[in-house]
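Shown next, in structure tokens, is the structure this report addresses.
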Amino acid sequence: MRKVTKRAISIFLAVLMTLSVLPVTAFAAEEYPLMIYNDGVRVDENGDNPLRIKETEQKQLTVTYNGSETLPDGTSLVWSSPTPYLVYVDQNGVITGRDSSKGTIMRVWVAENIESLWLIGPGIADSIYSWMDENKIDNMDTQGIVDAMELILTPIFGEDFTAGLCESLRNTLDSMNVEIRVALVDAEGNEIAYNSTHVVCDKSDSLTADFIPNGTYITNHEAVPSQVEAGYEMDLTGVTTPMRLEMGVNWSVQEPQTILGVTTWKDTDKATIDENGHIVFNTPGTVKITAKPDTEGLYNKLTALIEQAGGIANAGDTIGRVLKEVFGLSVAAGVIDALVAVINGIVEAGTGDAAQAMKDIVAKVSDWILGVTINDSITVEIKDQIDVTSFAIYGDLGDMSAFGGNRLVSITDIQPEGAYITADDVDWVSSNDQIALAEDGKVTARDGGNWGNSFTITATIDGVNATMDGNILGGNTLWPTDVEFSGPTQMTVGDTASYDFTIYPSVLYDDGMTWDMNNIDVGLMIDGQIVYSDNITDGVLSISDGGEVDAGKSNSGQFTVTAVGGGVSTIYVRNHSEAQRIGTGVSDPYFVKELQVSVYQPAASIAIDQGDTLEVETDDEYMIGIIGSGKYNASTQLSATVGPEDATDKSISWSSDNSNVSVDENGVVSISRQSLPITATITATSNDNPALTDSITVTFVKAYVHVTGVTLNTSEVTLGGVGSTYKLTASVQPADAQNQNVTWTSDNPDVVTVSENGTLTAVAMGDATVTVTTAEGSYTASCTVKVRADKAALQAAIDRASQVNEEDVDDAYLWAAFEAALDTANQVNNDEYASQQRVDEATKALEEAFNALSVYEPVTTATIVAVNSADEKEGQVIYHTTPWYKTWTSQTVELTVQADGDIASVEWRLANWSVNEPEGNIESTSGNNATIRPTFGVGPRSIWVQAVVTDQYGNDTVTEPVKVRFINWDWQK
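If you use mature numbering (1 follows the signal peptide of the UniProt record, and there is no 0), the sequence shown corresponds to residues -28 to -1, 1 to 945, in order.
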């Protein structure tokens, strides 16, 4: 059950319990000049046989007066229902069944018949309430509820006792009725005659019973004053019926408006109400508070109803039938038909979007239902001031203990009811503060005298007084009952102030030695705890003597406090000797009073956080249509710090020396439609001490492209020996960034140095990291640099030497020298940090040892020839004849080298003009051979090639260039 429903039950129970005291015929008289009819049948005096009506069903009641349907001139009828959320009657005599509410009636019965049973009753009642919440009792009929209770109660009470309880429950559920009353009144509202009829509301068996609400009612109507004072607030409670729909209440507040003599209602903030019904009356005027069914709940119920009844296609018929059943007697003929026509129009439009169509239909029907349901409202007039005419003090001040303690009293029965009263509106006074103190409704017993004292407490509101007498029982000279102190609440750092205190009762014993009952302790809050001691400080106040302050022979004294820092602190004072708490209702032996003190710390410095200068970029150009004006808008936020940190007033005033550059109270500097650049000096001034100022020069400039990063052309470089160089290239992103400046650094300049343009120079073997940094934004990129000896010649020598076999060498001495040189060469080659000198020496030694073996014939001459004999060579030209029907690119010529020694390798390359204007390519090489293929073109194709022949000793011989010419006929030679 919803929260709003539970709140309404309390009102409903009160009505039911009142009705249960009276017999149902108690209101019937033997003769009534006013008689009530339904469909021509008299239905008054029907307490034993009430008129029955189902939820949402409507019946028309009519009356006769002295047997006539015509009422006397100047008279009218007033219809009323004590529980309109069960059965409602309008002023036309139409009654509407709204809620069978068996769940509510059931709770009354359980409270009276089960919960009241000694010892076991409350526990059983709680179990029944839980069962009711879990099983949705409002959806059950009488027999179902009785059967369930029989199963629950029989094991506990036995069959006979349970049978009696269940029969009582059945009678309660079946006979509960609502008395509908009608009165005939004259023009002044005086009652001439009255009568009543009793109506029982039964649960509807219609399809609508679980979907459509029939109204919303404000259950605490009578508690709402017709006039309230601005500021008054209260809680309204309401229910949407039937309650089993679990549909909440939507609250709204409106005020009247008159246009062309017609008064309507519009939303207003003269009063505000939240979703829980809490309303605050804000400003004078007239407001109407309305309770309607929850919109979201109604939307969901209608959607489920339409879908259950066949979907959108049948929406018109379904809604029409439902609305006529529920509201047929409440609206004019044809109104529902007009709504159905609108629904059918949406269906026939057939947009293809069923979900949207359903949404449109439900929205229209929801709005219609919310307009015609029995929605409850209250009109309230809000006054600027309502003076209190009377009130009373509620509480008990009799026989208070001489050992102290407090009693709370409060204001009640305020008249008029709508007067807005706060605690500050009530002045409390005691007839004798020495005996009892009255503060904000709390009365503290201070002194019982020798054997009791009397006092009077007076409360005053708007000049109206109310009093309450009290007395203190017994006497007390040993135990403290209360303490009070006073002194400055405003200080400046460095001040020392005195505070006066008084401890009660005034006759506390003090012999100056052992018995010293009138002393106090003074403390401060330190690290979350109140500390009572000497020499304490919380950074704002300091107390040198607070551990036990002696009042001397009287009950009053003084203590001093020093202000040491800016801020707010609280002084705490308590009784030093523990109090006796017998009969006081208080267990704490100490009573503590406190006083808040504000300490002023002057401002001593001010500094603008952004420094001395600030450049602000902007691209917010003011446009004239699509054309830039050359004028710009921009703003920037400045802030300033006022010291010291605990300065009391840190507020700042801002000013600009340029009328075209503004600065607001929050330090926002702005320009509007200004040419750039533009500069202003902005000054921050301490409000606490205007002599304290700081300034900053702010310049607005046109936005430029900023650096976002930097990259290098490589992330790792190996330099081949000391003295070798390599140029790193940095690319600043984006490429069009205005500031392209960078700086270069090496983390190990003893190994690698770097110039301002990124050129690396090897200084020694080793490793270093070279970093480039952008001038703007300090973005970085790094490259790992290794300095190593150039071992290419050494590796080539080792490769040649590795091909020699011992059996090819006759001289053992030369072989041994060769092996030693080869071993040394491999060791140096494997040493990553070997110097260039060692590498060169190892290379030279190995080559000399290799050459001494004389294993291979050196190459002194080499010539390029064609492998295929069909490709004839004439002088320096090799001709290849291509059939006329084939393309140049389909042909190849394979070349090789003839030499007079042992060849280690051959390098082929283009020669002469072919390098720049090739008509063919060296397509591939294999061993000592090369394959030549011409490119596509018109006419014969020619390619000049050349070979570099390396012998086994590493000596190079370059051949004469040879032209390879592709022709179709001899005349093309």
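Even for Gly, the Cβ is constructed at its ideal location relative to N, Cα and C.
Given the structure is predicted, the values throughout are model-derived calculations rather than measurements.
Assuming contact is defined by CB atoms lying nearer than 8 angstroms, are ASP434 and ASP332 in contact in what I supplied?
For ASP434 and ASP332, no; Cβs fall outside 8 angstroms.
Does the Cβ-Cβ distance between ASN347 and GLY187 come in under 8 angstroms?
In this structure, the beta-carbon distance from ASN347 to GLY187 falls below 8 angstroms.
When we look at the beta-carbon of ALA663 and count the other beta-carbons within 10 Å, is it buried (16 or more) or exposed?
Its Cβ having fewer than 16 others within 10 Å, ALA663 is exposed.
Over the uninterrupted alpha helix (DSSP H) stretch that includes LYS273, give me the two end residues.
Here the alpha helix (DSSP H) through LYS273 covers 267 to 280.
Please state whether DSSP places GLN462 in a helix, a strand or coil.
Reduced to three states, the DSSP call for GLN462 is strand.
Could you spell out the range, first to last residue, of the alpha helix (DSSP H) harbouring LYS816?
That run of the alpha helix (DSSP H) goes 808 to 825.
Below 8 angstroms on the Cβ atoms is my guess for LEU450 versus MET489; work out the distance and round it to an integer in Å.
So it is a contact: roughly 6 angstroms between Cβ atoms.
Rounded to the nearest angstrom, what separates ASP98 and GLU87 at their Cα positions?
CA-to-CA, the gap between ASP98 and GLU87 works out to about 8 angstroms.
Buried or exposed for SER862, please, with buried defined as at least 16 other CB atoms from any protein chain shown within 10 angstroms of its CB.
When all chains shown are included, SER862 counts as exposed.
Excluding the 5 residues preceding and the 5 following ASP454 in the sequence, name in chain order all residues of the same chain whose CB lies nearer than 7 angstroms to its CB.
Hits under 7 angstroms: GLY376, LEU409, THR416, ARG418, TYR476, PHE563.
Counting only runs of 3+ residues fully inside the region 220 to 248, write out the beta strand (DSSP E) ranges in chain order.
Segments of the beta strand (DSSP E) lying fully in the region 220 to 248: 221 to 231, 234 to 239, 243 to 245.
Residue 950 burial status per 10 Å Cβ neighbour count (16 or more: buried)
This structure does not reach residue 950, given that the chain is present from -28 up to 945, and the question cannot be answered.
Residues bridged to ILE580 (per DSSP):
Here ILE580 is bridged, per DSSP, to ALA612.
Tell me whether GLY692 sits in a helix, a strand or coil according to DSSP, three-state version.
Of the three classes helix, strand and coil, the one that applies to GLY692 here is strand, per DSSP.
Alpha carbon to alpha carbon, how far is ASP20 from VAL352?
Near 40 angstroms, if we compare the C-alpha coordinates of VAL352 and ASP20.
Can you look up ILE358 in the DSSP assignment and give me helix, strand or coil?
Note: ILE358 maps to coil in three-state DSSP.
In three-state DSSP terms, what is ALA793?
If DSSP states are grouped into helix, strand and coil, ALA793 belongs with the helices.
So SER797 packs on ALA769, CB below 8 angstroms; how close in whole Å?
Rather than Ser, the amino acid found at residue 797 in this sequence is Ala. Contact between ALA797 and ALA769 holds: their C-beta atoms lie close to 7 angstroms from each other, under 8 angstroms.
For THR859, report the span of its beta strand (DSSP E) as first-last.
Premise fails: THR859 is in no beta strand (DSSP E) and is neither H nor E.
Classify ILE261: buried if its beta carbon has 16 or more other beta carbons within 10 angstroms, exposed otherwise.
With 16 or more other CB atoms across the displayed protein chains lying within 10 angstroms of its CB, ILE261 is buried.
Own chain partners of PHE(-2) with C-beta closer than 7 angstroms, once the 5 adjacent residues on each side are dropped
Residue placement at PHE(-2) is poorly supported in this model, since its pLDDT is 37, which falls under 50; the coordinates still yield a value, given next. Cβ neighbours of PHE(-2) beyond the five flanking positions: GLU151, SER168.
Through-space distance from SER224 to residue 965, alpha-carbon basis:
The structure shown does not extend to residue 965, since the chain is modelled only from -28 to 945, so the question has no answer here.
What did DSSP end up calling LEU(-16) once you bin it into helix, strand or coil?
Unreliable placement is indicated for LEU(-16), whose pLDDT of 37 sits below 50; the coordinate value is still reported in the next sentence. Three-state DSSP puts LEU(-16) in a helix.
Based on the DSSP secondary-structure assignment, which residues constitute the bridge partners of GLY69?
Answer is GLU27, VAL59.
What number of angstroms, rounded off, separates the C-alpha of GLU84 from the C-alpha of ASP119?
Distance between the alpha carbons of GLU84 and ASP119 is about 19 angstroms.
Residue from VAL869, THR903, GLY911, SER896 whose Cα sits closest to the Cα of VAL930:
Out of VAL869, THR903, GLY911, SER896, the CA that lies nearest to the CA of VAL930 is found in VAL869.
Shortest alpha-carbon distance to GLN924 belongs to which of ASN823, ASN901, VAL917?
GLN924 has its Cα closest to that of ASN823, out of ASN823, ASN901, VAL917.
Look up HIS170 in the DSSP assignment and say whether it is helix, strand or coil.
HIS170: strand per DSSP, three-state reduction.
Residues that DSSP places opposite GLU411 in a beta bridge
Beta-bridge partners assigned by DSSP to GLU411: LYS414.
CA-to-CA distance, ILE190 to residue 954, given in whole angstroms:
No answer is possible for residue 954: the residues shown for the chain start at -28 and end at 945.
Identify every residue that forms a DSSP beta bridge with VAL930.
Bridge partners of VAL930: VAL920.
Check whether the Cβ atoms of ILE543 and VAL533 lie closer than 8 angstroms to each other.
Yes, they are a contact pair.
Rounded to the nearest angstrom, what separates THR608 and VAL641 at their Cα positions?
If you draw a straight line from the Cα of THR608 to the Cα of VAL641, it comes to about 5 angstroms.
Beta strand (DSSP E) runs wholly inside the region 628 to 686, at least 3 long, in chain order
The qualifying runs are 640 to 646, 650 to 658, 665 to 674, 681 to 684.
Express the C-alpha separation of ARG881 and ALA838 in angstroms, rounding to a whole number.
Whole-angstrom Cα-Cα distance: 16 angstroms.
Taking Cβ positions, are GLN726 and THR746 nearer each other than 8 angstroms?
This sequence places Val at residue 726; Gln is not what is there. Not in contact: VAL726 and THR746 (Cβ atoms no closer than 8 angstroms).
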